[in-house]
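Below is one structure, written out as structure tokens; comments come after it.
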Amino acid sequence: MALAAGAAGAAPAALAAATGPAVTVDVTAGRHVISPYVYGMNHADETLAKELRLPVRRWGGNATTRYNYLYDTSNRASDWFFENIAEDNTNPSALPDGSSVDRFVEQDRRTGTDTILTMPLIGWVPKGRDASCGFSVAKYGPQQQTDQWRPDCGNGVKPDGTKITGNDPHDTSVEAGAAYVKDWIAHLTGKYGTAAAGGVKLYSLDNEPDIWHGTHRDVHPEGASSVELRDKAYLIGAAIKAADPGAKTLGPVGWGWSSWDYSGLDQEVCGRTNCWSNPPDKAARDGLPFTTWYLRQMKKYEDTHGLRVLDYFDEHFYPQASGVAFGSGGDPTTDALRLRSTRALWDPSYTDESWINTQVRLIPRMKELVAAEYPGTRTAITEYNWGALDHINGALAQADILGIFGREGLDLANLWSPPTASQPGAYAFRMYLNYDGKGGRFGETAVSSVSADQGKLAVYAAERASDKALTLVVVNKTGDALTSDIAIKGRTGGATAQVYRYGAADTSAIKRDADVQVDASGFTGTFPANSISTIVVPAGTVTSPSPSPSASPSPSASPSPSVSPSRSPSPSPSPSPSPSGTPVPPGSCSVTYTLTNQWPGGFQAEVRIVNRGATAVKGWQLGWTYGNGQTVNQLWDGSYTQTGSKVTVTNASYNATIPANGGSVSFGFLGGWNGSNTAPKQFTLNGAACGA
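Printed below as a string of structure tokens:
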């Protein structure tokens, strides 16, 4: 990346600057761990991914719904005449080895990036490495449009504008269900190991299945009903877990705002008949919005089968105002709208300026729904785009979005259609992931940061684990330089802060600006027009931090001790309490302790407790003793104490009950080790021995 040498401060800008809003940062308040996965992308190239140490990359989009790994071929659906198109492959005789998906995973392994792969729920994949298409002109007659390079392949629309119906899915495809998914994951784990051993960690439950009736209408012309979407999630989610128990799943992966309330069947029928007030599938889901019903059904499956088939509640989101998503920069009206519309991600006072026309507050809405319907489920937005990534306006919006994701406690996000390494949108990511060209990163523990006018000067703050530095990202969304007082609470002592700038004045490089002196109360800073500033305040003395609130869990993104999952650290350990809760008969429980990631000096683990007894356990404490001096450092979905080598974990309020007859609860944590990291073999649940 380009990093310009520092100039003599920002005095000229300061002379012309307007008074900006006051900013307050409190390092003792609002503390929660930022998931590294919020900085993800879809299909990022290797150069950019390596430079950013990209935490997570998704293989997604319409073409991934119908991809056959045996032939390295995908059907491009409505994106390109419903054609089977073989991927470029130098040695197709070696397939499935060497497929484009294998190469996708291998790139991620080279860059230290975790992988999300899309698994098909639709039930169809290409029948071979051929050139077949869903609507042959020779078979189904003349059509409005045809592929100029394959003139027999049409768009499935007759010259009079009516859609062709009754075509045969077998023209392009063969059936593919749970067995196909298991076989594919067996191939992946055979080559790259299981999720717990460093293989593929995450799988999407298809891609936007609620619009199959449009995108993939050659094989699924009817809208997918609520029951179909549920049952296929059960089927394929269970298949994924059977093939790799440590893998995580994401669903329902709806296309956008309509996906919250309506199934594919609703959207297909009401799109024709305008029945939105009384959609046809409403009764099948007890009159509930689709996502509410879906999460209840996923919880019901786990309660019944003792298996979680949904780990992330995932919905795509694209701003619907004209010219914003995928739009260009440079039009003043649209540019201003783009910067305002990021408020849809969080702000309860913001009414979306599109046909949505309501208060979206997307991330709080997601977290509240999960807490109410399926506690412990993480939150994800695996596709989003605010446009203009080739323009400073898009970079400002993107920097604002990344800060919002971390502040609001989202667990995972992937930008769709990522920028090239030289575009302004890439610099928005650099300001968090590589602001100095040497791997300098925004902190992992968010702290309270408040601007008196977020619409002018957005501010995000986090403490970095490696050196305890306080890192700030400040986005000036206005066309004027702004001078603001930055009050810093909860730290004592002065410091010299480093300042890095990116903005409209030079979109080809990040500039190292003059250092800023920070005293016990903070500092005054000038922020250039249309700019992003990353400010690094060295460690100081922190005064009495407040207990961290709960957030949603997220696995660490790469084997780096500075990377933490998206869960707030537990309060400082205190003496271990006595066992409480329902007495547990010996032999009626079992524990699975899984090492999900490890790096020099640190590791991440997940623990699952299964109640095999006939009585629910209400209130639980799990204990074990380490044999190699390991320590628990941060834990989610519970609280912990550690005295010497003895660890005790107590339930959280929302997972206090372990259902009978195979019910389970899970928690995870970050730990430290030195020399050896052998998993414990003996556990106690409420004081009773529990098998490993």
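When you line the sequence shown up against mature numbering (1 follows the signal peptide of the UniProt record, and there is no 0), it's residues -16 to -1, 1 to 676, in that order. No residue lacks a Cβ here, since even glycine has one placed at the ideal position from N, Cα and C.
- If you draw a straight line from the Cα of Ser312 to the Cα of Ala405, it comes to about 18 angstroms.
- Residue Ser120 holds the alpha-carbon nearest to the alpha-carbon of Thr149 among Gly161, Ser120, Arg134 and Thr130.
- By the criterion of at least three beta-carbon pairs nearer than 8 angstroms, the segment 210 to 227 is not in contact with the segment 70 to 77.
- Of the other Cβ atoms in all chains shown, 16 or more fall within 10 Å of the Cβ of Asp92; this residue is therefore buried.
- Annotation: Ser574 to Thr102 spans about 32 angstroms, alpha carbon to alpha carbon.
- Runs of beta strand (DSSP E) with 3 or more residues, each lying fully within the segment 339 to 415, are found at 362 to 368 and 396 to 399, listed in chain order.
- Here Ser660 is not near Arg592, since their CB atoms are 8 angstroms or more apart.
- Every alpha helix (DSSP H) stretch that sits fully inside the segment 207 to 263 and reaches 4 residues is listed by chain position as 210 to 227 and 248 to 257.
- Within its own chain, the residues whose Cβ lies closer than 6 angstroms to the Cβ of Leu54, once the five positions on either side in sequence are excluded, are Pro80, listed in chain order.
- Comparing alpha carbon positions, the residue from Leu346, Ala61 and Arg256 closest to Ser243 is Leu346.
- Taking all protein chains shown into account, Gly183 has 16 or more neighbouring C-beta atoms within 10 Å of its C-beta and is therefore buried.
- Taking each of Ser435, Tyr444, Lys422 and Gly360 in turn and checking the Cα distance to Thr429, the smallest one comes out for Tyr444.
- Rounded to the nearest whole angstrom, the CA to CA distance from Leu669 to Ser261 is 50 angstroms.
- Nearest neighbour of Pro143 by Cα position, chosen from Gly125, Ala479, Tyr246 and Thr366, turns out to be Gly125.
- Here the alpha carbons of Gly409 and Ser401 stand approximately 11 angstroms from one another.
- Spatial neighbours of Ala170 in its own chain (CB-CB distance under 8 angstroms, excluding positions within 5 residues in sequence) are listed in chain order as Ala227.
- Counted as a single uninterrupted DSSP element, the alpha helix (DSSP H) harbouring Asn46 occupies residues Asn46 to Thr49.
- Lys461 sits close to Gly439, with the two beta carbons spaced by under 8 angstroms.
- Looking at the DSSP output, Tyr187 shares a beta bridge with Leu101 and Thr233.
- With a cutoff of 8 angstroms on beta-carbon distance, Asn59 and Asn191 are scored as not near each other.
- Ranked by Cα distance from Lys185, the first of Pro359, Gln382 and Trp43 is Trp43.
- Burial state of Gly140 is buried, judged by a 10 Å Cβ sphere holding 16 or more other Cβ atoms.
- Between Trp241 and Asp194, the CB-CB gap reaches or exceeds 8 angstroms.
- When rounded, the separation of the alpha-carbon atoms in Gln382 and Ala449 is 24 angstroms.
- When DSSP reads this structure, Asn595 sits in a beta bridge with Cys573 and Gly647.
- Under the 10 Å beta carbon count, Gly390 is surrounded by 16 or more other beta carbons and is classified as buried.
- Shown here, Ser83 sits in coil according to DSSP, grouped into three states, outside any helix or strand.
- Bridge pairing for Asn68: Asn59 [DSSP].
- A distance of 8 angstroms or more separates the beta carbons of Met282 and Tyr176.
- Non-local C-beta neighbours of Gly427 in its own chain, meaning closer than 6 angstroms and more than five positions away in sequence, comprise Ala446, Glu447, Arg448 and Thr455, ordered along the chain.
- In the same chain as Ser432, and ignoring 5 residues on each side of it, the C-beta atoms closer than 6 angstroms to its own belong to Asp10, Ala13 and Gly14, in chain order.
- Listed as beta-bridge partners of Met282 by DSSP are no residues whatsoever.
- Its chain contains Asp56, Glu71, Asp72 and Asn73 as the residues whose beta carbon lies nearer than 8 angstroms to that of Ser84, once the 5 sequence neighbours on both sides are disregarded; these appear in chain order.
- Straight-line spacing of the CA atoms in Gly655 and Gly393 works out to 21 angstroms.
- Cβ-Cβ separation between Leu466 and Val354: approximately 37 angstroms, too far for a contact (criterion under 8 angstroms).
- Tyr638 counts as exposed, since fewer than 16 other C-beta atoms from the protein chains shown sit within 10 angstroms of its C-beta.
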